[in-house]
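**Student:** All residue numbers for the sequence shown refer to our numbering, where the first residue is 2 and numbers rise by one.
Okay, handing you the structure first.
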Amino acid sequence: MKIPRLLQFPFSVSVLLGCVASCSGDGKDPRYSFEDDIEPVLAKYCYDCHADGMDKGSVVLDDYDHVDQLFADEQLWEGVYHNLEGYLMPPGDEAQPSDEERRKIVAWIQR
2 MKIPRLLQFP FSVSVLLGCV ASCSGDGKDP RYSFEDDIEP VLAKYCYDCH ADGMDKGSVV
62 LDDYDHVDQL FADEQLWEGV YHNLEGYLMP PGDEAQPSDE ERRKIVAWIQ R
């Protein structure tokens with residue numbers, strides 16, 4: 002289909018805006034949902050020390066009124082990322098997530 006020259010610029014802008022809108026999304030990695038993929042891993046390996054009233058290392062994963070506040074805490078997620086990538090957390094004497102579970106959380110954080 003040939004687009005008339007007069008409409009090429011508005012058409013191009015529309016396509017570009019559509020691409021930007023689809024890429025920006027809601028800030029979550031589309032491959033993983035927090036509720037289905039990320040939270041179960043956190044519950045299994047992290048919540049014993051970092052939730053339900055526990056705050057080892059001043060890290061608390063459940064002290065938010067809304068999940069969007071949790072997502073917005075960049076400093077928290079940078080720390081989680083650093084500790085998972087460096088195999089610093091969970092501590093060596095605790096159960097460890099599989100490499101796939103680590104990759105999943107890291108990919109979700111990098112969203």
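All C-beta atoms, glycine included, are put in the ideal place defined by N, C-alpha and C.
Given a cut-off of 7 Å, decide if ILE110 and TYR82 are closer than it, judged by their beta-carbon atoms.
**Tutor:** As a working mapping, residue 82 is identified with position 81 in the sequence shown. As a working mapping, residue 110 is identified with position 109 in the sequence shown. Contact flag set, yes.
**Student:** Is ARG103 closer than 7 Å to LEU89 when the C-beta atoms are compared?
**Tutor:** Walking along the sequence shown from the start, residue 89 turns up at place 88. Walking along the sequence shown from the start, residue 103 turns up at place 102. In this structure, ARG103 does not lie closer than 7 Å to LEU89 by Cβ.
**Student:** Is HIS51 buried or exposed, if buried means 16 or more other CB atoms sit within 10 Å of its CB?
**Tutor:** What you label residue 51 is simply residue 50 of the sequence shown in a count that begins at 1. HIS51 is buried by the Cβ-count criterion.
**Student:** For CYS47, which of ARG32, ALA96, ALA108 has the nearest alpha-carbon?
**Tutor:** One-based indexing of the sequence shown puts residue 47 at position 46. When only C-alpha atoms are compared, the closest one is ALA96.
**Student:** Just to confirm my understanding: we take ASP64, look at its own chain, exclude 5 residues before and 5 after, and list those with CB closer than 7 Å. What are they?
**Tutor:** Position 63 of the sequence shown, counted from the start, is the residue given in the question as residue 64. Answer for ASP64: no residue qualifies.
**Student:** Per DSSP, what kind of secondary structure is LEU85 in: helix, strand or coil?
**Tutor:** Residue numbering aside, residue 85 sits at position 84 when the sequence shown is read from its first letter. Helix.
**Student:** What is the DSSP secondary structure of SER99, counted as helix, strand or coil?
**Tutor:** If you number the sequence shown from 1, residue 99 lands on position 98. Reduced to three states, the DSSP call for SER99 is coil.
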